[in-house]
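Let me begin by presenting the structure, written as structure tokens, before commenting on it.
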Amino acid sequence: MGILWNSVRVALVAITVVVVAELSKRYPRYGALFLSLPIVSVLAFMLSWFQHRDLPTITRLSRETLILVPLGLPFFIPLAMADRFHLNFWSAFAAGIVLSLLSTGTWLMFGPRL
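Put into structure tokens, the structure is as follows:
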């Protein structure tokens with residue numbers, strides 16, 4: 256059951272990524288909408304519940320996610336401003352990762368444990 260269960264989870268995530276990528280080619284706004292939805296979180300919570308039925312763990316995960324999602328948003332700033340700052344994709348992407356790592360890393364090191 257373990258290998259089958261992991262295969263189902265991988266397939267769900269892969270399908271989600273492919274659908275968003277394909278949708279965003281033709282309709283960037285709708286791709287962004289689906290990307291902004293917490294699809295991965297919903298899938299993770301559902302699959303975790305079906306596998307473990309451990310609400311306290313899901314509650315802790317949800318609290319941490321509430322904090323970390325906004326802290327990850329700086330990733331998008333360089334990508335959104337790439338044309339204004341004359342950055343190519345990889346420069347903007349790397350800068351976004353650095354900003355996101357700085358914000359989340361700072362909180363993980365110095366923030367309270369929830």
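The sequence shown maps to residues 256 to 369 in the numbering used here.
We put the beta carbon where it would ideally sit given N, CA and C, even for glycine.
- When the five nearest sequence neighbours on each side are left out, the beta carbons in the same chain lying within less than 8 angstroms of the beta carbon of S303 are those of D309, T312, I313, L316, in order along the chain.
- When the Cα atoms are used, A349 and L363 turn out to be separated by approximately 20 angstroms.
- Here the region 265-273 makes contact with the region 290-298; the two share three or more CB pairs at distances below 8 angstroms.
- Comparing alpha carbon positions, the residue from L292, S262, V265 closest to V275 is L292.
- At a Cβ-Cβ threshold of 8 angstroms, P329 and L290 do not count as neighbours.
- If you draw a straight line from the Cα of T359 to the Cα of L342, it is about 23 angstroms long.
- Counting along the chain, H307 sits inside the alpha helix (DSSP H) bounded by residues 294-307.
- Less than 8 angstroms separates the beta-carbon of G351 from that of I332.
- Here A347 is buried: its Cβ has 16 or more other Cβ atoms, across all protein chains shown, within 10 Å.
- Rounded to the nearest whole angstrom, the CA to CA distance from I294 to L288 is 11 angstroms.
- The straight-line gap separating the alpha-carbon atoms of P283 and E277 is approximately 10 angstroms.
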